[in-house]
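Undergrad: One structure follows; several queries about it will come next.
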Amino acid sequence: MLLATLVSTLLWLQPASAPKVPFAVQQQRGGYVDPCKIYGSIYLERDPRRRAYCSATVFVEQQDAFASLVVYQEANKLFADKPGMWYITDARDFADYTVLVTDNRAFADFGIFYTKVRSFAGCRQN
1 MLLATLVSTL
11 LWLQPASAPK
21 VPFAVQQQRG
31 GYVDPCKIYG
41 SIYLERDPRR
51 RAYCSATVFV
61 EQQDAFASLV
71 VYQEANKLFA
81 DKPGMWYITD
91 ARDFADYTVL
101 VTDNRAFADF
111 GIFYTKVRSF
121 AGCRQN
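To convert, note that position 106 of the sequence shown is 106 in full-length UniProt numbering; the numbers rise steadily by one, no gaps.
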């Protein structure tokens, strides 16, 4: 009985630690997401009301000169292992990142450009 009281008192006196938050949510709180860290399976969200649940907001550029990230769409999820290699998935729950695609460049965190050549994909460091 005394041992149980001592243990519960020690647990009560310890400061509460911050809960662990998933990696994608930590980036979302920071505001701006580094485009070089987004790769793997990606779900493209089109509904702006779900912006709070997305890891980043992107604008699809018409030319690669203005894009921060050149994206190649992989056909296999296993090969999407470098920046710019995206496997577009239809299931939001199984995606590594959820990305909101916007029509307004001012609302986007960064711009992307889709390429058909795998070796051109990657991040542009400014």
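Positions of the beta carbon are idealized from the N, C-alpha and C atoms, including for glycine.
Is Ser41 helix, strand or coil when you go by DSSP?
TA: Strand.
Undergrad: Given a cut-off of 7 Å, decide if Gly122 and Phe66 are closer than it, judged by their beta-carbon atoms.
TA: No.
Undergrad: What three-state label does DSSP hand Ala91 in the structure shown?
TA: Here Ala91 sits in coil by DSSP.
Undergrad: Alpha carbon to alpha carbon, how far is Val117 from Phe79?
TA: About 14 Å.
Undergrad: Taking all protein chains shown into account, decide if Trp86 is buried (16 or more other Cβ within 10 angstroms of its Cβ) or exposed.
TA: Classification for Trp86: buried.
Undergrad: Please name the residue, chosen from Cys36, Gln14, Ala4 and Thr102, that lies closest to Pro48 on a Cα-to-Cα basis.
TA: Pro48 has its Cα closest to that of Thr102, out of Cys36, Gln14, Ala4 and Thr102.
Undergrad: Is DSSP giving Val7 helix, strand or coil here?
TA: In this structure, Val7 counts as helix in the three-state DSSP scheme.
Undergrad: Which residues in the same chain as Gln73 place their Cβ atom closer than 8 Å to its Cβ, once the five residues preceding and following it in sequence are excluded?
TA: For Gln73, where only same-chain residues beyond five positions count, the Cβ hits under 8 Å are Trp86, Tyr87, Ile88 and Tyr114.
Undergrad: Is Val99 closer than 7 Å to Leu13 when the C-beta atoms are compared?
TA: Against a cut-off of 7 Å, the Cβ pair of Val99 and Leu13 comes out as no contact.
Undergrad: Would DSSP call Cys123 helix, strand or coil?
TA: Residue state, collapsed to three classes: strand.
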